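S.K.: Have a look at this one.
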């Protein structure tokens, strides 16, 4: 049996009486919400705040774009993305695509034209600062 309070813990589906998994201070029904493709639901405002915070520290990572509860990755154009969530994530998808293009260009410039694992060893990538 799953631990926790509320209908979500019992059925696996969010209930309006469950607390937001991000702020934990208010029930879902008290504010506008967005659902992730995995089924978890959060206050729209809480998701927006989490997205504005982005990654922790100076190293760019994209885990912040996933579900705050289960960590399920969310990709652009993925089936099941609610329009409200797509609207929040849109600029972050664009930024991630841009970073991935820069990484691919840098890999090509460094002689790793086939990408990581295809054109060189992990040790070579690490020594090249990638």
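Residue numbers (UniProt numbering): 1 to 130.
Even glycine gets a Cβ: it sits at the ideal position worked out from N, Cα and C.
No experiment lies behind these values; they were computed from the predicted model shown.
1) Just how far apart, CA to CA, sit residue 175 and residue 82?
2) Quick check on this structure: which residue in 79, 103 and 25 has the alpha carbon closest to the alpha carbon of residue 61?
3) Say whether the region 66 to 86 touches the region 34 to 51, bearing in mind that this needs 3 or more beta-carbon pairs closer than 8 Å, one atom from each stretch.
4) If we count the other Cβ atoms within 10 Å of its Cβ and call it buried at 16 or more, is residue 91 buried or exposed?
5) Using the DSSP secondary-structure output, state which residues sit across from residue 112 in a beta bridge.
6) Starting from residue 46 and walking both ways along the alpha helix (DSSP H), at which residues does that stretch end?
7) Smallest Cα separation from residue 89: which of 16, 28 and 77?
M.R.: Once the coordinates are examined:
1) Any question about residue 175 goes unanswered here, given that the chain covers just 1 to 130.
2) Ranking the options by Cα distance to residue 61, first place goes to 103.
3) At 8 Å Cβ cutoff, the stretches touch.
4) Answer is exposed; the Cβ neighbour count stays below 16.
5) For residue 112, no pairing in a beta bridge is given by DSSP.
6) In the DSSP assignment, residue 46 falls within the alpha helix (DSSP H) that extends over 44 to 53.
7) Checking every option, the nearest Cα to that of residue 89 belongs to 77.
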